Amino acid sequence: MLSKPHITQVLEEALSTGGDWSDLFMEETKRHTAELSENTIKSVAHNENTGAGVRVVKDGKEFYAYTNDLSREGLGKIAREVASAVSNKGPGKKVALDTSQVQRSNAQQSPERVTPKGGLQTHEVGIALLRKANEVARLVSPEIVQVNASYLDEVQNVLVANSDGMIKNDTRTRGRFYVTSIAGCGQEKQVGTESPGASKGFDFFESLDVDACAKNSAESALRMLTAGPSPRGRMTVIIDSGFGGVIFHEACGHLLEASAVAKKSTVFAESMGQVIASSCVSAVDDGTLKSEWGSQTMDDEGFPTQRNLLIENGVLKSFLVDRLNGERLGLKVTGSSRRQSYRFSPTSRMNNTFILPGTSSLTQMITETDYGLYAKKLGGGSVNPATGEFNFAVTEGYMIRKGLIAEPVRGAVLIGRGEEILKKIDRVGSELKLAQGLCGAASGWVPVDVGQPPIRVQDLLVGGR
Numbered sequence: 001m002l003s004k005p006h007i008t009q010v011l012e013e014a015l016s017t018g019g020d021w022s023d024l025f026m027e028e029t030k031r032h033t034a035e036l037s038e039n040t041i042k043s044v045a046h047n048e049n050t051g052a053g054v055r056v057v058k059d060g061k062e063f064y065a066y067t068n069d070l071s072r073e074g075l076g077k078i079a080r081e082v083a084s085a086v087s088n089k090g091p092g093k094k095v096a097l098d099t100s101q102v103q104r105s106n107a108q109q110s111p112e113r114v115t116p117k118g119g120l121q122t123h124e125v126g127i128a129l130l131r132k133a134n135e136v137a138r139l140v141s142p143e144i145v146q147v148n149a150s151y152l153d154e155v156q157n158v159l160v161a162n163s164d165g166m167i168k169n170d171t172r173t174r175g176r177f178y179v180t181s182i183a184g185c186g187q188e189k190q191v192g193t194e195s196p197g198a199s200k201g202f203d204f205f206e207s208l209d210v211d212a213c214a215k216n217s218a219e220s221a222l223r224m225l226t227a228g229p230s231p232r233g234r235m236t237v238i239i240d241s242g243f244g245g246v247i248f249h250e251a252c253g254h255l256l257e258a259s260a261v262a263k264k265s266t267v268f269a270e271s272m273g274q275v276i277a278s279s280c281v282s283a284v285d286d287g288t289l290k291s292e293w294g295s296q297t298m299d300d301e302g303f304p305t306q307r308n309l310l311i312e313n314g315v316l317k318s319f320l321v322d323r324l325n326g327e328r329l330g331l332k333v334t335g336s337s338r339r340q341s342y343r344f345s346p347t348s349r350m351n352n353t354f355i356l357p358g359t360s361s362l363t364q365m366i367t368e369t370d371y372g373l374y375a376k377k378l379g380g381g382s383v384n385p386a387t388g389e390f391n392f393a394v395t396e397g398y399m400i401r402k403g404l405i406a407e408p409v410r411g412a413v414l415i416g417r418g419e420e421i422l423k424k425i426d427r428v429g430s431e432l433k434l435a436q437g438l439c440g441a442a443s444g445w446v447p448v449d450v451g452q453p454p455i456r457v458q459d460l461l462v463g464g465r
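Next comes the structure, spelled out in structure tokens:
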């Protein structure tokens, strides 16, 4: 994107007033999207996003500026802006870039994975998939009154350099497909959604089982259409695999990010090496999983992503650490620094976060439960990041009675605290599944996987209508 002398000049200008270190992040992102609703293609778009951000750090404080002007003048301007913001000024520093560190992702090394047009499929292919999903979902039942479908196809090229001499390139390709079916009977309506995604290019859409996505979303909506209201109170809850992992992500994962730990705004700030979960719980965050939605070769500071063991047999083993907060805490980076785009300064974030498989089966958990709730699918919710207090809607739920799945129920809400739910898990299943989502925090929205095997939680508060 830029010549080595130009990058060196930008980093040195940022350090001209005595900063401890500086870094540069550049990106060029191309994105195709299309949306179908009411049997009609409502929008088709191609967007490009190009720009850069420069950061300088001095005495544990960061100063950041960004621009979409990639000329020498444009980048020099933001470098001088961050340099002028440094309060305790001192002499500048020289930068020597080590081009032997230049790293390119697997996507760049394997151009056959993507089509010649920048890695993006044609809109015609995507639109055909949307129409197919609409048709298949509506054929499931006349009670499917609406289908919404959309897709995302994206290629992001990034360059990261810092004043320590690091300079690296990466290419991230991502595809995602959404199908939402709405079932209606009289005034009652229920929703079912499927939204698979992967760090793949055109091959994601070639291998996508659109029929299964559409049918699953429609059938989920139909099952809840006849469901009665969920009972309230404390009970045993079995949370199924896949997106059930959103509770761990939101109520626990964010509390293990170094940005929260450094501010001591998390209940786990002083818990390293201590028991914070049931002994049957182990969990990881892994940015290296092949082709997963939240995976990438390097983080947004240029450090390699890695598999981070967060909890082992209930004991807290690691935080997720970016460079700045790592310096504040005296911890090594874990390849966990992420940002939505050049418009955001990076910070510690999750990639693919999940509870590791145990030894129980879902059937065994249900059989051993006399009374409780089976939360097959979870939806949206809210979390207090300081305390881990959460509430999550159950979008597809069933009562468990005498060891059997009984009637469907709707309106259930799971309520609790992250540190409490971890200790109330008494069974962990053997079949791990991951699900895709977008996580929003200080550095914007980033693609993540959440996941878990089925888990059983004792004495969890269930709210309902």
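Residue numbers for the sequence shown, in my numbering: 1 to 465. We treat Cβ as the ideally placed atom computed from N, Cα and C, and that holds for glycine. These figures come from a predicted structure and were not determined experimentally.
Limits of the beta strand (DSSP E) - the one that residue i falls within
i, result
"I41", "T40 to K58"
"G416", "V413 to R417"
"M26", "W21 to S37"
"N325", "Run containing N325: none in the beta strand (DSSP E); it sits in the alpha helix (DSSP H), R323 to L329."
"E301", "E301 -> no beta strand (DSSP E), and no H or E assigned at all."
"F63", "K61 to T67"
"G192", "E188 to E194"
"N352", "N352 to I355"
"R307", "R307 to E312"
"V284", "A283 to D286"
Contact belief for residue i with residue j at Cβ below 8 Å, rounded distance in angstroms
i, j, result
"S345", "R338", "Their Cβ separation, rounded to whole angstroms, is 11 Å, which puts S345 and R338 out of contact at 8 Å."
"G472", "F25", "No statement about residue 472 is possible, as the shown extent of the chain runs from 1 to 465 and does not include it."
"G51", "Y66", "6 Å"
"S278", "L422", "7 Å"
"L331", "V321", "5 Å"
"S241", "K433", "4 Å"
"S163", "S22", "5 Å"
"I161", "V82", "According to the sequence provided, residue 161 is Ala. The question's Ile does not apply to it. 15 Å between Cβ atoms; not a contact."
"V409", "G397", "5 Å"
"G192", "A218", "6 Å"
Any non-hydrogen atom of the ligand ATP closer than 7 Å to residue i Cβ
i, result
"V383", "The ligand ATP is absent from the structure shown, which contains no ligands of any kind."
Three-state secondary structure (DSSP) of residue i
i, result
"E135", "helix"
"E112", "With a pLDDT of only 33 at E112, under the threshold of 50, the placement of this residue in the model should not be trusted; the figure read from the coordinates follows. If DSSP states are grouped into helix, strand and coil, E112 belongs with the helices."
"N259", "Note that residue 259 corresponds to Ser in the displayed sequence, not to Asn. Here S259 sits in helix by DSSP."
"S105", "Note that S105 scores 48 on pLDDT, short of 50, meaning its location in the model is unreliable; the coordinates nonetheless yield the value given after this. S105 falls in the coil class under three-state DSSP."
"T369", "coil"
"S84", "helix"
"Q274", "coil"
"S295", "coil"
"K498", "The displayed coordinates of the chain run from 1 to 465. Any statement about residue 498 would go beyond what the structure contains."
"L461", "strand"
"L404", "strand"
"G74", "helix"
"T363", "helix"
"A442", "coil"
"G233", "strand"
"V267", "coil"
"E124", "helix"
"E431", "coil"
"G437", "strand"
"A79", "helix"
"G253", "helix"
"K117", "Low confidence applies to K117: its pLDDT is 38, below 50, so where it sits in the model is not reliable, and the reading given next is rough at best. If DSSP states are grouped into helix, strand and coil, K117 belongs with coil."
"Y398", "strand"
Boundaries (first-last residue) of the alpha helix (DSSP H) holding residue i
i, result
"L225", "V210 to L225"
"K4", "K4 to A14"
"F243", "Careful: F243 lies outside any alpha helix (DSSP H) and carries neither H nor E."
"D98", "Premise fails: D98 is in no alpha helix (DSSP H) and is neither H nor E."
"F205", "F202 to S207"
Cβ neighbour criterion (16 or more within 10 Å) applied to residue i
i, result
"G451", "buried"
"G228", "exposed"
"H46", "exposed"
"E88", "Checking the displayed sequence, the identity of residue 88 turns out to be Asn instead of Glu. By the 10 Å Cβ count, N88 comes out exposed."
"P111", "In this prediction, P111 scores a pLDDT of 34, lower than 50, which makes its location untrustworthy; the coordinate-derived value is nonetheless stated afterwards. Per the 10 Å Cβ criterion, exposed."
"K4", "exposed"
"D209", "exposed"
"Q190", "buried"
"R456", "buried"
"N352", "buried"
"R401", "exposed"
"R234", "exposed"
"D370", "exposed"
"D459", "exposed"
CB contact check: residue i to chain B, cutoff 8 Å
i, result
"M298", "In summary, chain B is missing from the structure at hand, where a single protein chain is found."
Along the chain, which unbroken stretches of the beta strand (DSSP E) at least 3 residues long are found entirely within the region 128-186? Correct list: 144-162 and 167-185.
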